[in-house]
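Q:
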Amino acid sequence: MRRVAISLVAASCALALPAAAQADPFLPPSGKVFWGGQGGYTARHIAYFGAQSGKRPAVFNYFISWRASSSDMHWLGFRLEDAIAQNARPMLSVSPNGTGLTPRSIARGEGDRFLVALNRLIAEKNAVTYVRPLSEMNNGNNSYSAYRLNGRPRGAAYTTAQFKQAWRRMALILRGGDVAGINARLGRLKLPAAETAASTLPQPPVALAWVPLTFGNPELARNHPRHWWPGSAYVDWVGTTWYSPFKATRAMHRFYSHGSWRRKPFMFAEWGVWGREDPGFVRQFFGFLKGHRRVRMAVYFQSAALKREFRLSAHPRSRSALRQAVRWRRLIGP
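Reading the sequence shown from the start, the letters are residues 11 to 344 in our numbering.
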């Protein structure tokens, strides 16, 4: 009887676990680091990045809005196909800016139509896709951040608690599976059921990247990333952004080593030279990569619109340093 009781307890505990237990981060081969880029929205832009940086990207990022119309999904399908045609895994940096959605409304299911559509689109294309939703959530420049740049709270719909609930909902729906099971888990989180008539959602090759600033903007203790952490089961990758005007390696190392996420694979979802030439920063960045073995992805930022202050072609000395650096044998393309 005692064994039966133990088995029943174990089974009930397993049922209580989030669906994220089956998540896959889709890592590069052992010991390797994926090279990635961004800048533009066509297959030609992906090839251009490879030519400029000196290595074809294994990952290519698109910035997209939280919109679920058939035309939006049709357009996004072409972007995924462009990346696939270039042998690059797509990354989708998803923002609700301009949609009126808040962390609370996403947690309550008002963004479910998009999540369900994205789940199905990734499954349809059947290509490993990294989804990076609500990135830099502790940056007051973003409409979904809990704090304005002056440090004042944005309000009850934007708290870190609401963000964490929104993130958990995103993870459960994007990873898919039996909808009754998803709804049971949402219920345990005190969240509404998924807004879908389907009984099952596809389980696509998707991985979720949680990407805050290393401390916060504004730099307040209550804006530290730890207050935004939704829990290990709901996150596949941890990452951040790093640019040449902000060279503090010590702050980067502290974030990388934080106890809550030190077992997660790490990515630089954006990094690069911003503004004036800085080949020294390129060398500094690769020094950090080589000394921190959990970093498994580095995505160079040229901005979505290839703005001059970020574009590699506008920084020939930094570009030259980068072309030397990407020869590192652990850094891989497609």
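For every residue, glycine included, the Cβ atom is placed at its ideal position computed from N, Cα and C. In this text the structure is predicted, and so the values were computed from the model without any measurement.
Within 8 Å, do at least three Cβ pairs link the stretch 206-217 to the stretch 128-143?
A: yes
Q: Return the chain-ordered list of same chain residues with a C-beta closer than 8 Å to the C-beta of Ala31, the five sequence neighbours on each side being excluded.
A: Note that Ala31 scores a pLDDT of 41, beneath 50, so its modelled location is shaky and nothing firm can be said.
Q: Just tell me which of Arg306, Leu86, Gln312 and Trp76 has its CA closest to the CA of Gly282.
A: Here the closest residue by C-alpha is Gln312.
Q: Check whether the Cβ atoms of Ala261 and Thr210 lie closer than 8 Å to each other.
A: Their beta carbons are not under 8 Å apart, which means Ala261 does not touch Thr210 by this criterion.
Q: What are the boundary residues of the beta strand (DSSP E) that includes Met307?
A: Val305 to Tyr310
Q: Pop quiz: Thr251 and Ala279 are said to be a contact at Cβ under 8 Å. What is the actual Cβ separation, rounded to whole angstroms?
A: 6 Å
Q: Which same chain residues end up closer than 6 Å to Val289 when comparing Cβ atoms and leaving out the 5 residues on each side of it in sequence?
A: Residue identity differs from the one stated: residue 289 is Pro in this sequence, not Val. Only Arg327, Ser328 and Ala331 meet the Cβ criterion.
Q: Tell me, which residues are paired with Tyr253 by DSSP?
A: Gly282
Q: For Ala137, which residues in the same chain have their Cβ closer than 6 Å to its Cβ, ignoring the five residues on either side in sequence?
A: Ile94
Q: Quick test of your reading: Tyr140 and Val69, contact by CB under 8 Å. State the CB separation rounded to the nearest angstrom.
A: 7 Å
Q: Quick check: what's the CA-CA separation for Ser44 versus His263?
A: One detail in the question is off: residue 44 reads as Phe in this sequence, not Ser. Each residue's alpha carbon lies about 20 Å from the other.
Q: In whole angstroms, what separates the C-alpha of Ser75 from that of Asn107?
A: C-alpha separation (whole angstroms): 7 Å.
Q: From what residue to what residue does the beta strand (DSSP E) around Arg142 run?
A: Thr139 to Pro143
Q: Determine, using beta-carbon pairs with one atom in the stretch 115-129 and one in the stretch 173-181, whether at least three such pairs fall under 8 Å.
A: In short, these stretches touch, since the Cβ pair count reaches three.
Q: Three-state secondary structure (DSSP) at Gly197?
A: helix
Q: Excluding the five sequence neighbours on either side, which residues of its own chain have a C-beta within less than 7 Å of the C-beta of Pro35, listed in chain order?
A: Ala217, Asp246, Trp247 and Pro275
Q: What first and last residue would you give for the alpha helix (DSSP H) that runs through Val221?
A: Unbroken run through Val221: none, as it is neither H nor E.
Q: Thinking just about the alpha-carbon of each residue, which of Leu144, Ala207 and Ile192 is nearest to the one in Leu102?
A: Leu144
Q: Extract the residue ranges of the alpha helix (DSSP H) inside the stretch 110-180, only unbroken runs of 4 or more that lie entirely within it.
A: 113-117 and 122-135
Q: Within this structure, are the beta carbons of Asn193 and Ala176 separated by less than 8 Å?
A: no
Q: Give the single residue among Glu146, Asn149, Met307 and His84 whose Cα lies nearest to the Cα of Ala127.
A: His84
Q: Does the Cβ of Thr259 have 16 or more other Cβ atoms within 10 Å, making it buried, or fewer, making it exposed?
A: exposed
Q: Could you give the first and the last residue of the continuous beta strand (DSSP E) run that contains Gly46?
A: Val43 to Gln48
Q: Of the choices Trp238, Leu86 and Gly285, whose alpha-carbon is the least far from that of Phe256?
A: Gly285
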